[in-house]
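Colleague: In the order they appear, the protein sequences are chains A and B. Following the working numbering, the numbering of the first sequence begins with 844 at its first residue and continues without gaps. Following the working numbering, the numbering of the second sequence begins with 6 at its first residue and continues without gaps.
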Amino acid sequence: MDKNPGQPLLALDRVETFYGPLQALRGVSLTVAEGAITAILGNNGAGKSTLLSTILGVLDGQPRQGSIEFDGLAIDGMATEKIVRAGISYVPEGRRLFPELSVSQNLTVGGYIRRDRAATRRTLEQVYEFFPLLSERLSQPAGTLSGGEQQMLAIARALMNGPRLLLLDEPSLGLAPILVRQVFDIIQGIRDEGVTILLVEQNARMALSIADEGLVLENGSVVIQGPAADLIDNDEVEALYMGVQTRSPQSGSGT
Amino acid sequence: MLLQIVASGLSSGSIYALVALALVITYKTTGVPNFAQGEMAMFSAFVAYVLIVDYNVGFVVAFGAALVFAFVLGIGFEGVFLRRTKNPTHLNLIIMTLGFQLALFGLAGWRWGADQRRFPFPVSANEVVHFGNVTVSTLSLATISIALVLMAAVFAFFRFTKLGVAMQATQQDAMAARINGVPARAVVALTFGISSVIGAVAALLTAPLITLDPTLMWDPLLKGFAAAVLGGMNTPIGAVLGGYLLGIVENLFGAYVSVEFKSAVAFLIIVIVLWFRPVGLFGRKPPRKV
């Protein structure tokens, strides 16, 4: 499975992203190891979501500087559809389901790029194993699902492409604590199936508990980077937990 | 008597239903009604006319060519004009469709004049078929069946094919479709191509009933709008049902109230629906974005 042992699956080198005159990412360099969960932590506005959108190429003309390599392929400047075809799936902030389409149709769109029907069916069975609830609501419009179910569907839809790398933006947002635990267990399960995961989370403690690697963004720059186990004990990360706890969870939409 | 009126209503309703469906498909994608829909269809009908009359081409080939032309015209209109709108607000896009309508109308007038031309068609508007007390022209029968088959095909495409589902997804959230690997731009263009073909079929069925001139689709477009508003601009099935309903109501009104004001029914319906049920009879309020 690993074509280049020792090589990272994803590598960003001095990436700079702008919103008009505003700089959102400042020289971000990082690597994501194949088969690992990498957690990106940071406060609102630190550039976490921007980092994921930049990787997927959804921001026109970004990154302005720097390079992004996925499995040895330069993907910066590529069209989003092509980046998805290369093997990256994305669960955006706010889920962005198709509200009027049924659960099953949402999953169909998720597998849009695949031509191999047998492989799609296998993935679908796997997805039903991860999310048994969804298989009971296949004909229900996505807009009528509960928040937790919608999050499950958003992750399930992203898996339908059979990605090698999964980008997850705030999967715990707006979920009850018991559901958060469930979602994080599933994320671990997906990693165990061999999918590499890049996880953006405000809930730092929870994210680090399942991550292998972690990094902290501040003002668009990487300020701390290291094994998740080390970050849990790091004072600055500790301060970040406090920051999260004193801030209202709805204080901003992120960038 | 009543059955006869309903039967006539189904025939004109088929045209309204086709136009309404064509309008709704692109409305759901762009959020604006395409005012050029009628003229695009009229132009496609002229393509068939020229091939048949000036070049002696057979019906099948001429109609096929007209539909291919309509498809290319729809894709071209989206790709060349709409997509390049720098600031694609609803108003700007509406103005763009109005501009395209005027351009096509002017072009058709300049090229073919305002003469009312008899449109050759394989089925006659004068031959009739009897079903008990009800008399239907073979043209009406053809119109009703062709519309039904086409609409069934369109609905099956949207519902059961991966591309059709992806088109619906793009209508609901283009960015979300892109992050799932759907080439949203191409899909939007394809939406306009399909919509233009549906409109062209309506025009090819309207021209033999009346005559062909550049104003061919003015009345059907207005009625198609009314039908779409009546059924619900956001629901393709609702818009189609609205088309049949309008056709029948209009004929009832013509028979029992006034033939002169028959066309005013469409406007009256728009007013009443917008007053009391702006989402249309079969429309639902769009669910909140998730």
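Ideal Cβ placement from N, Cα and C applies to all residues, glycine included.
1. Where Gly900/A and Glu255/B are concerned, what is the direct C-alpha to C-alpha distance, given to the nearest angstrom?
2. In the DSSP assignment, what are the bridge partners of Pro1070/A?
3. With DSSP collapsed to three states, give me the class of Ala1082/A.
4. Under 7 Å Cβ-Cβ, which residues of chain B neighbour Leu899/A?
5. Using a beta-carbon distance below 9 Å, is Met238/B in contact with chain A?
6. Starting from Thr881/A, follow its DSSP beta bridges and name the residues at the other end.
7. Name the one or two DSSP bridge partners that Tyr933/A has.
8. With 16 other CB atoms within 10 Å as the buried threshold, where does Phe281/B fall?
9. Which residues in the same chain as Leu279/B place their Cβ atom closer than 6 Å to its Cβ, once the five residues preceding and following it in sequence are excluded?
10. Would you say Tyr862/A lies against chain B (beta-carbon separation less than 9 Å)?
11. Could you tell me whether the Cβ of Leu940/A comes closer than 9 Å to any Cβ of chain B?
12. If you reduce the DSSP assignment to three classes, tell me which class Ala70/B lands in.
13. Give the single residue among Ala999/A, Lys891/A and Thr923/A whose Cα lies nearest to the Cα of Leu1102/A.
14. Which residues, in order along the stretch 918-941 of chain A, keep a beta-carbon less than 7 Å from a beta-carbon of chain B?
15. Going along the chain, which residues of its own chain have a beta-carbon closer than 7 Å to the beta-carbon of Asp120/B, five neighbours each way excluded?
16. Which residue wins for smallest C-alpha separation from Met101/B, given the options Leu112/B, Val85/B and Gly111/B?
17. Measure the alpha-carbon distance for Ser947/A versus Leu981/A and round it to whole angstroms.
18. Cβ-heavy atom distance between Ala260/B and the ligand MG below 8 Å?
19. Please determine, among Arg907/A, Glu936/A and Gly885/A, the residue with the shortest C-alpha to C-alpha distance to Ala997/A.
20. So, with DSSP's three-state summary, where would you put Pro984/A?
21. Express the C-alpha separation of Glu924/A and Pro188/B in angstroms, rounding to a whole number.
22. At what residue ranges does the stretch 186-225 of chain B contain a whole run of the alpha helix (DSSP H), taking only runs of 4 or more?
23. Drop a sphere of 10 angstroms on the beta-carbon of Met844/A, count the other beta-carbons inside from all chains shown, and report buried for 16 or more, exposed for fewer.
24. Please report the Cβ distance between Val1147/A and Met921/A, rounded to the nearest whole angstrom; I am assuming they are in contact, meaning their Cβ atoms lie under 8 Å.
25. Alpha carbon to alpha carbon, how far is Glu44/B from Ile1021/A?
26. Please list, in chain order, all residues of the same chain as Gly14/B whose beta carbon is under 6 Å from its beta carbon, the five residues on each side excluded.
27. On the CB-based measure, 16 or more other CB atoms within 10 Å of its CB, does Gln1115/A come out buried or exposed?
28. For the beta strand (DSSP E) holding Ala269/B, just list the boundary residues, first then last.
29. Rank Gly1069/A, Ala1082/A, Asp1078/A and Phe913/A by C-alpha distance to the C-alpha of Ile883/A and give the top, closest one.
30. Buried or exposed: where does Arg89/B fall if 16 or more other Cβ atoms within 10 Å of its Cβ makes it buried?
31. In the stretch 151-171 of chain B, which residues sit with their C-beta less than 9 Å from some C-beta in chain A, listed in chain order?
32. Would Val1066/A be called buried (16 or more neighbouring beta carbons within 10 Å of its own) or exposed?
33. Does the beta carbon of Thr1039/A sit closer than 9 Å to a beta carbon anywhere in chain B?
34. Hey, how far is the Cα of Ala962/A from the Cα of Trp115/B?
35. Residues of chain B with a CB under 9 Å from the CB of Thr951/A: which are they?
36. Mark Gly904/A as exposed unless 16 or more other C-beta atoms lie within 10 angstroms of its C-beta, in which case mark it buried.
Modeller: With the given structure in hand:
1. 52 Å
2. Glu1056/A
3. helix
4. Ile184
5. no
6. Leu1041/A and Glu1056/A
7. Leu1010/A
8. exposed
9. none
10. no
11. yes
12. helix
13. The structure shown does not extend to residue 1102/A, since chain A is modelled only from 844 through 1098, so no value can be given for it.
14. Thr923, Glu924, Val927, Arg928, Tyr933, Pro935, Arg938, Arg939, Leu940 and Phe941
15. Asp218
16. Val85/B
17. 5 Å
18. Absent from the structure shown: the ligand MG. Ligands present: none.
19. Glu936/A
20. strand
21. 6 Å
22. 189-211
23. Since pLDDT at Met844/A reaches only 45, below the 50 mark, its modelled position is unreliable, and the value read off the structure follows with that caveat. With fewer than 16 other Cβ atoms within 10 Å, it is exposed.
24. Outside the shown range of chain A, which is 844 to 1098, sits residue 1147/A, and nothing can be said about it.
25. 58 Å
26. Hits under 6 Å: Gly252, Ile253 and Asn256.
27. For chain A, the structure presents residues 844 to 1098; residue 1115/A sits outside this window and is missing.
28. Element bounds for Ala269/B: not the beta strand (DSSP E) but the alpha helix (DSSP H), Ala269 to Phe281.
29. Gly1069/A
30. exposed
31. Arg164, Lys167, Leu168, Val170 and Ala171
32. With fewer than 16 other Cβ atoms from the protein chains shown falling within 10 Å of its own Cβ, Val1066/A counts as exposed.
33. no
34. 56 Å
35. Per Cβ cutoff of 9 Å: Lys167, Val170, Ala171 and Ala174.
36. exposed
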